[in-house]
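Residue 129 in this note's numbering sits at position 129 of the sequence shown, with consecutive numbering throughout.
Glycine included, C-beta positions come from ideal geometry on N, C-alpha and C.
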Amino acid sequence: MENRSNNMLVGSVVLVLLALTVAAIIWLAGFGGSHEAKYDILFKTSVDGLAKGSAITFSGVPVGKVDDIAILPDQPELIRVRIAIKDTTPILQGTTATIAGVGFTGVSQINLDGAVKGAPPIDQPGPFGYPLIPPKTGGLGALLNNAPALLDRLTVLTERLTDLLNPQNQKSIGDILAHIDTISGALADRSGDIADTLAQAKVAIKQAGDAAEQIGKLADQTNQHIGPILDNLNSAVASAKHSMANVDEAVNDAKPGLKALSTQTVPQINQLIRDLGDTAQSLSTLSGRLDRGGATSLLGGDRLPDYKPRKK
């Protein structure tokens, strides 16, 4: 009876432990399935350091782990990383994923950040059945992704520096430095003269300022004297305008007389001048006749010559 009781006790303990184990397994399975949310992240950069089970943090707080990593056969440049995180994590629009190294161990993790309060959640299923969280290039992944381009640029820069520092350019640079040294020495030798020149320039600028001030005062005084002169000049111009108006009025009044003079008097004067010319010509002819024939030439015709008979 005692052995049988011991066996029953041992069996009961085993059954209890088995039941507790099954309950723990079920509880863990329920936690993993019903209290986790899964998302996919498509990385174009290297995911070196990531592995299944790598940590996931949200703004530095651990929230889950990497569930799976796979290369897409039809898009080998993309790497799909599936993560499982607590369903209470606020994965909202604006959230991005970054691969970051953990110290110098070579292990990497995924950091989630960028969620904005009030933004809608990322809950639309993607092409693989789970919502997609967009990646953000940064950290170790960005460095590794940009390393080839950086090396290419360093190579090009080195080649250009080599071309620049060829022997001919080195000689030219040496000559330029020598000339600069010569110029600096000459300037140092003439430092006293330069200081005197600057002092003289300072005095000249001050004198120019004083002269400008005096010119301004003179301009003010000139304006005071010019004012009365301009008033007198305006009065003279007004008087001249009045005189011109009187002249215009006199000319307008004389226009009828001038017209009569040009149309009547001038032709009569011309006729008188012609008559005087004819009279002068007649007097000239009469005077000639008196000179040639005396007074008798005015009473009759020409005097006949004395008759002289011809000799036989």
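Buried or exposed: residue i, going by 16 or more other Cβ atoms within 10 Å of its Cβ?
| i | result |
| --- | --- |
| A135 | It should be pointed out that residue 135 corresponds to Pro in this sequence rather than to Ala. With 16 or more other Cβ atoms within 10 Å, it is buried. |
| D67 | buried |
| G174 | exposed |
| T21 | exposed |
| V47 | buried |
| G33 | Because G33 sits at a pLDDT of 48, beneath the cut-off of 50, its placement in the model cannot be relied upon, and the following sentence gives the value as read from the coordinates. Exposed: under 16 other Cβ atoms inside 10 Å. |
| R153 | exposed |
| T285 | exposed |
| T98 | buried |
| L15 | exposed |
| Q214 | exposed |
| M8 | exposed |
Residue i bridges to which residues according to DSSP?
| i | result |
| --- | --- |
| T96 | D113 |
| D123 | D123 pairs with nothing; no bridge assigned. |
| V108 | The sequence given here places Ser at residue 108; Val does not occur at that position. Paired residue(s): G101. |
| P131 | P125 |
Since residue i and residue j should fall inside the 8 Å C-beta cutoff, what is the C-beta to C-beta distance between them, to a whole number of angstroms?
| i | j | result |
| --- | --- | --- |
| A100 | N111 | 5 Å |
| I91 | P62 | Incorrect: roughly 15 Å between the Cβ atoms, too far for contact. |
| K88 | G114 | For clarity, residue 88 is Thr in the given sequence; the question names Lys instead. Wrong, their Cβ atoms sit about 18 Å apart, outside the cutoff. |
| Q109 | T57 | 6 Å |
| L78 | L42 | 5 Å |
| I85 | A55 | Incorrect: roughly 10 Å between the Cβ atoms, too far for contact. |
| F128 | R80 | 7 Å |
Going by DSSP, what residue range makes up the beta strand (DSSP E) through residue i?
| i | result |
| --- | --- |
| T57 | 55-58 |
| A37 | 36-43 |
| L78 | 75-86 |
Using alpha carbons as the reference points, say which of the options lies closest to residue i.
| i | options | result |
| --- | --- | --- |
| G126 | Y39, I215, G216, A211 | Y39 |
| F104 | G49, F128, L154 | G49 |
| V102 | G60, A84, F128, L72 | G60 |
| G106 | A51, R80, D181 | A51 |
| L72 | I183, R82, K65 | R82 |
| G64 | L17, D123, H35 | H35 |
| V116 | Y130, Q75, Q93, D123 | Q93 |
Where do the N-terminal and C-terminal ends of the alpha helix (DSSP H) with residue i fall, by residue?
| i | result |
| --- | --- |
| D67 | Careful: D67 lies outside any alpha helix (DSSP H), inside the beta strand (DSSP E) at 61-72. |
| L177 | 167-189 |
For chain D, is any of its Cβ atoms less than 8 Å away from the one on residue i?
| i | result |
| --- | --- |
| G11 | Within the model displayed, chain D is absent; a lone protein chain is all it includes. |
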